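Here is the structure we will look at, set down as structure tokens.
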Amino acid sequence: MTRVLPADDEGSVRDAADRLRAGELVALPTETVYGLAARAYDEDAVLSVFAAKGRPGFDPLIVHVTRASRAELEEQGVLDGSRLSEAAARAVDALAALWPGPLTLVLPKGPSVPDAATSGLDTVAVRAPSHPTTRAVIDALGEPLVMPSANRFGRVSPTEAAHVADELGEAVALVLDAGATEHGVESTIVGIEDDGTARLLRPGALPRETIEEALGAPLGEPAHAGADGGEAPLAPGMLASHYAPRKTLRLLDAAEVDLAKDAPPPEGRPGVILYSNARRIALEARWAPAHTRVLSPEGDDREAARKLFAALRELDASDADWILAELPPEGDGLRPAIRDRLRRAAAAR
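Quick note, in the working numbering, the sequence shown goes up one by one and the last residue is 904.
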């Protein structure tokens with residue numbers, strides 16, 4: 556069985572660092588989801604992450620650091636600063652001020668990062684997590700980690716230690732358990748172009764508005780490279796199908812929920828995920844769900860994001876025949892990230 560230790564146990568951080576140093580895989584809590592960690596500079600360890608997850612080699616990983624200024628990234632060999640224009644360097648400095656936190660930047664790759672970690676790209680995705688356990692492990696190890704979500708590739712991301720142990724089993728030497736994660740969805744990913752333009756590659760736990768305030772400029776529109784089977788993805792989480800349960804997942808916008816009374820009843824009994832209680836009576840009357848999960852009774856986006864992946868996992872493991880999820884209304888804040896995860900989870904695969 557996978558060994559699980561409380562994250563605040565004396566010696567657990569040291570144990571995790573020792574296992575990573577030996578080339579093993581360790582699952583760590585972050586503020587977003589649980590990550591599957593390996594030494595970023597050890598190509599064999601990096602490749603073992605791909606193998607454990609069943610992750611295709613064309614989907615790059617994120618390098619996690621604690622020393623995260625532009626100068627420190629260059630010193631560690633994570634960033635090739637010589638390839639940054641003055642405008643791009645200013646943008647990096649502005650956004651690095653948001654670290655530690657749920658923001659990932661795609662930057663010119665430095666010489667210490669193996670090609671396996673970046674899927675052969677000349678850029679590297681980097682972030683500085685804020686969770687104290689992960690930061691302590693990185694500091695005890697003395698080098699960065701690669702750390703994608705600790706689940707089988709394309710499946711629902713783990714927000715509790717039990718999710719990791721259930722899904723990856725003995726592929727993980729150790730899981731540090733810090734309870735449910737704070738945000739529940741992955742980091743926001745931003746790419747920096749040569750002219751200093753910052754482009755949103757994946758919406759996530761850090762709202763667009765916060766990033767734009769730090770930049771003093773609007774973000775470029777979301778990029779779609781790699782999402783539709785054309786180009787290789789520039790960063791994780793950009794494939795059309797991702798975060799998916801095993802059961803069929805169907806989505807309803809709020810307006811479609813209101814119109815549900817005129818639709819023929821579907822076959823089987825679904826497990827239903829509701830964004831809030833606003834339309835619960837109308838929806839349950841029509842669908843007679845086997846189970847219902849409400850992400851946030853009052854429609855609080857932070858609560859909804861935090862509970863999303865756990866609700867998907869619970870219904871996927873239930874006796875429901877399929878899953879029906881209500882998309883939150885369009886808006887700012889965390890709503891783009893919630894809608895993004897649900898749409899990718901429901902995409903054809």
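Ideal placement from N, C-alpha and C gives every residue a C-beta, glycine not left out.
Note that the coordinates shown come from a computational prediction; the quantities given were computed from them, not determined experimentally.
How would you call residue i, buried or exposed, if buried means at least 16 neighbouring beta carbons within 10 angstroms?
{"i": "Glu586", "result": "buried"}
{"i": "Arg861", "result": "buried"}
{"i": "Thr714", "result": "buried"}
{"i": "Ser674", "result": "buried"}
{"i": "Thr803", "result": "exposed"}
{"i": "Gly665", "result": "buried"}
Taking the alpha carbon of residue i as the point to measure from, which residue in the options has its own alpha carbon closest?
{"i": "Arg801", "options": "Phe613, Ala695, Arg707 and Thr673", "result": "Arg707"}
{"i": "Val730", "options": "Ala607, Val559 and Ala902", "result": "Val559"}
{"i": "Thr689", "options": "Ala787, Pro561, Arg857 and Ala845", "result": "Pro561"}
{"i": "Arg805", "options": "Gly792, Met793, Pro791 and Glu822", "result": "Glu822"}
{"i": "Arg824", "options": "Trp877, Pro762 and Asp856", "result": "Trp877"}
{"i": "Val588", "options": "Leu829, Ser712 and Val827", "result": "Ser712"}
{"i": "His846", "options": "Asp855, Arg835, Leu575 and Gly854", "result": "Arg835"}
{"i": "Val647", "options": "Pro655, Ser624, Glu630 and Pro669", "result": "Ser624"}
{"i": "Gly697", "options": "Ala901, Leu882, Glu858 and Arg569", "result": "Arg569"}
{"i": "Val601", "options": "Pro669, Gly636 and Pro884", "result": "Pro669"}
Taking the straight line between their C-alpha atoms, what separation do you get for residue i and residue j?
{"i": "Ile893", "j": "Thr557", "result": "30 Å"}
{"i": "Gly781", "j": "Asp614", "result": "Note that Gly781 scores a pLDDT of 47, beneath 50, so its modelled location is shaky and nothing firm can be said."}
{"i": "Ala649", "j": "Ser667", "result": "24 Å"}
{"i": "Gly746", "j": "Ala607", "result": "27 Å"}
{"i": "Ile617", "j": "Pro852", "result": "34 Å"}
{"i": "Thr907", "j": "Pro584", "result": "Because the chain is modelled from 556 through 904, residue 907 falls outside the range shown and cannot be assessed."}
{"i": "Asp783", "j": "His686", "result": "With a pLDDT of 49 at Asp783, under the threshold of 50, the predicted position of this residue should be treated as unreliable, though the coordinate-derived value follows. In a straight line, the C-alpha of Asp783 is about 33 Å away from that of His686."}
Beta carbon of residue i, beta carbon of residue j: below 9 Å?
{"i": "Pro703", "j": "Val633", "result": "no"}
{"i": "Ala592", "j": "Ala577", "result": "no"}
{"i": "Gly724", "j": "Ser796", "result": "no"}
{"i": "His718", "j": "Arg868", "result": "yes"}
{"i": "Ser831", "j": "Leu850", "result": "yes"}
{"i": "Ile766", "j": "Leu756", "result": "no"}
{"i": "Pro758", "j": "Pro891", "result": "yes"}
{"i": "Glu741", "j": "Ala760", "result": "yes"}
{"i": "Arg898", "j": "Gly792", "result": "no"}
{"i": "Ala642", "j": "Asp750", "result": "yes"}
Using three-state DSSP, classify residue i as helix, strand or coil.
{"i": "Gly781", "result": "Because Gly781 sits at a pLDDT of 47, beneath the cut-off of 50, its placement in the model cannot be relied upon, and the point is left open."}
{"i": "Ser603", "result": "helix"}
{"i": "Ser851", "result": "coil"}
{"i": "Leu882", "result": "coil"}
{"i": "Lys802", "result": "coil"}
{"i": "Gly665", "result": "coil"}
{"i": "Pro825", "result": "strand"}
{"i": "Ser704", "result": "strand"}
{"i": "Ala860", "result": "helix"}
Compare the C-beta of residue i with all C-beta atoms of chain C and state if any pair is closer than 9 Å.
{"i": "Thr847", "result": "Looking at the structure shown, chain C is missing, and only one protein chain is on hand."}
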